[in-house]
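I have placed the structure first, in the form of structure tokens, so that the comments after it can refer back to it.
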Amino acid sequence: MGLEHYLILSAVLFSIGLYGVLAKRNAVAILMCIEIMLNAVNIAMVAFSRYLVPDVVVLTGHVFAIFVMTVAAAEAAVGLAIIIAIYRSRQSVDVEQVDMMKW
Amino acid sequence: MASTQKKWLIKMTTEIAFWILAIITVCAALAVVLLRDIFRAALLLVLCFFTIAGIYITLNADFLAAVQVLVYIGAIGILLMFAIMLTRNVREGNPFNRLKIPALILALLVLATIVGVVVATDWTTVSGVPEVVSSELDQPTTSNIASALFEKEGGFVLPFEIASVLLLAALIGAVVLVRRKENE
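For the record, the sequence lines run as chains A and B. Add 10 to the 1-based position in the first sequence for the numbering used here, that's all there is to it. Add 391 to the 1-based position in the second sequence for the numbering used here, that's all there is to it.
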């Protein structure tokens with residue numbers, strides 16, 4: 011049980027999230043996959059903090075993970091609000107149909 | 392003698408817990424991507440968040456595990472459920488787009504790159520600490536996180552304040568975006 015186990019778990023979760031972000035059509039599903047990616051990064055940072063910093067008091071990895079969680083909460087709130095606003099005007103959350111800013 | 396036995400027992404149970412939690416996490420994340428019913432996908436995402444909280448506990452991050460349950464399961468999970476119920480299109484479900492195969496290849500390439508780098512790096516030389524972490528680290532982290540955040544030198548007071556302003560801006564932005572216009 012070492013650092014590598016946690017980092018490989020983190021990499022697997024990140025890749026699953028990346029695949030979902032690139033291959034899904036529902037905007038809510040894309041947001042859910044982004045949350046998986048953020049969680050994967052958090053696992054990596056906490057694992058680094060536990061295994062690579064010899065001092066018990068220095069918990070910079072934990073602090074970074076807390077900031078990531080804060081930004082993720084803000085991102086989820088604003089992202090879902092945008093999705094609901096788009097659904098109201100277009101009756102759809104399919105990202106392939108939302109192309110009014112494309113040229 | 393008894394203390395070495397106890398240490399061995401703790402090590403074994405942590406290892407078993409890690410493997411169970413890791414397998415459930417990966418299966419739930421895969422189900423989030425592959426399931427056709429988006430509501431079930433959201434429920435499995437909540438399960439994934441919960442097992443990640445368990446993984447934090449195997450890393451001795453007790454405070455982060457509690458925050459994970461509160462913020463991700465309590466707030467983001469419920470928010471996602473509401474968004475799905477407000478926008479759900481039952482006929483279409485949760486389909487893939489035409490990038491299904493290229494995205495799979497790209498994700499596998501990223502995975503192979505990261506795993507290759509992780510395995511090739513000799514982590515013991517990075518910090519000088521041995522692979523097995525001593526049990527002196529097994530203590531509550533909450534007060535240490537607080538001192539790391541608010542220290543006079545090397546603390547994170549300014550980012551903390553910026554984060555609170557960011558949350559306020561996100562809150563107001565979400566309300567403004569979702570509110571109906573009065574003339575509609």
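By construction, the Cβ of each residue, glycine as well, lies at the ideal position given by its N, Cα and C atoms. Quick caveat, the model's predicted, so the values are computed rather than measured.
Looking at chain B, is there any beta carbon in it that lies within less than 9 Å of the beta carbon of residue i?
i, result
"V38/A", "yes"
"M42/A", "yes"
"K34/A", "yes"
"M110/A", "no"
Determine, using beta carbons only, whether residue i comes closer than 9 Å to chain A.
i, result
"E406/B", "yes"
"T416/B", "yes"
"A457/B", "no"
"I475/B", "yes"
"I464/B", "no"
"K543/B", "no"
"L549/B", "no"
"I401/B", "no"
Considering only residues of the same chain and omitting the five flanking positions on each side of residue i, which have a CB-CB separation below 8 Å?
i, result
"I429/B", "I475, R479, G484, N485"
"I446/B", "F409, L412, A413, T416"
"V31/A", "I40, C43, I44, M47"
Which residue comes first and which comes last in the alpha helix (DSSP H) that contains residue i?
i, result
"T70/A", "70 to 100"
"K491/B", "491 to 511"
"N535/B", "533 to 541"
"R60/A", "37 to 62"
"V548/B", "548 to 569"
"A33/A", "13 to 33"
"M476/B", "469 to 478"
Grab me the residues of residue i's own chain with a C-beta within less than 7 Å of its C-beta, minus the 5 sequence neighbours each way, in chain order.
i, result
"A452/B", "T532"
"F74/A", "M55"
"E58/A", "Correcting the residue type first, residue 58/A is Phe in the shown sequence and not Glu. Correct list, in chain order: G71."
"A82/A", "E45, L48"
"I26/A", "I46"
Give the interface partners of residue i over in chain D, defined as CB-CB distance under 9 Å, in chain order.
i, result
"A393/B", "The chain labelled as chain D is not found among the protein chains of the depicted structure, namely A and B."
Given residue i, which residues of its chain have a CB within under 6 Å of its CB, disregarding the five upstream and five downstream residues?
i, result
"G89/A", "L41"
"F440/B", "Y463, I464"
Notebook entry, point to check: Which residues, in order along the segment 434 to 448 of chain B, keep a beta-carbon less than 9 Å from a beta-carbon of chain A?
Noted result: L436, C439, F440, I443, I446, Y447
Notebook entry, point to check: Where in the segment 393 to 464 of chain B do unbroken runs of the alpha helix (DSSP H), each at least 4 residues long, occur, reported from the N-terminal end onward?
Noted result: 393 to 425, 429 to 449, 453 to 458
Next item on the list: Please name the residues in the segment 49 to 60 of chain A whose beta-carbon is closer than 7 Å to at least one beta-carbon of chain B, in chain order.
Entry: N49, I53, V56, A57, R60
Next item on the list: Note down, in chain order, all residues in the segment 71 to 86 of chain A with a beta-carbon under 8 Å from any beta-carbon belonging to chain B.
Entry: H72, V73, A75, I76, F77, M79, T80, V81, A82, A83, A84, E85, A86
Item checked: Contact set between the segment 551 to 573 of chain B and chain A, restricted to residues whose Cβ is under 9 Å from the partner -> F551, A554, S555, L557, L558, A560, A561, L562, G564, A565, V566, V567, L568, V569, R571
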